[in-house]
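Please read the structure below before turning to the comments.
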Amino acid sequence: MKDFEAVKANLLSELDMAIRQNPEDKIIITLRNIIRKINSPSALDGGLTRIVVDSLDFKLKVGERIVTFENSFLIKPMY
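Numbering (my numbering), first residue to last: 1084 to 1162.
Given below as structure tokens:
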């Protein structure tokens, strides 16, 4: 299994770079702040993906990375 904290740190670095390139993009800033507060994979619920799809629309490579991050650690319910 991937190391959640390491992957999160890499994603936050990518988000910081995206913010430097797009300092006015409030969606990227909001996503970074949300991800900073996530302490474990169990806190992931698909919300990050919804924000990316609804607001960021994959216009930046980091949007794809956010979705990949969430999907990698999202705990799927067993039916």
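Note that beta-carbon positions come from the ideal geometry of N, C-alpha and C, so glycine has one too.
Please report the straight-line C-alpha distance between residue i and residue j, rounded to a whole angstrom.
i, j, result
"Leu-1102", "Lys-1120", "Rather than Leu, the amino acid found at residue 1102 in this sequence is Ile. Spanning the two alpha carbons is a distance of roughly 17 Å."
"Asn-1154", "Gly-1129", "8 Å"
"Lys-1091", "Glu-1107", "23 Å"
Assuming residue i and residue j form a contact by the criterion Cβ under 8 Å, report the distance between their Cβ atoms to the nearest whole angstrom.
i, j, result
"Arg-1115", "Leu-1095", "6 Å"
"Lys-1098", "Val-1135", "The amino acid at residue 1098 is misidentified as Lys; the sequence shows Leu. With a Cβ gap of about 12 Å, Leu-1098 and Val-1135 do not count as contacting."
"Leu-1139", "Ile-1110", "5 Å"
Kindly indicate which three-state DSSP category residue i falls into: helix, strand or coil?
i, result
"Leu-1131", "helix"
"Leu-1095", "helix"
"Leu-1114", "helix"
"Ile-1158", "coil"
Return the chain-ordered list of same chain residues with a C-beta closer than 8 Å to the C-beta of residue i, the five sequence neighbours on each side being excluded.
i, result
"Phe-1087", "Ser-1123, Pro-1124, Phe-1156"
"Asn-1105", "Ile-1111, Leu-1143"
Sorted by chain position, which residues of the same chain lie with C-beta nearer than 6 Å to residue i's C-beta, five sequence neighbours on each side aside?
i, result
"Leu-1143", "Ala-1101"
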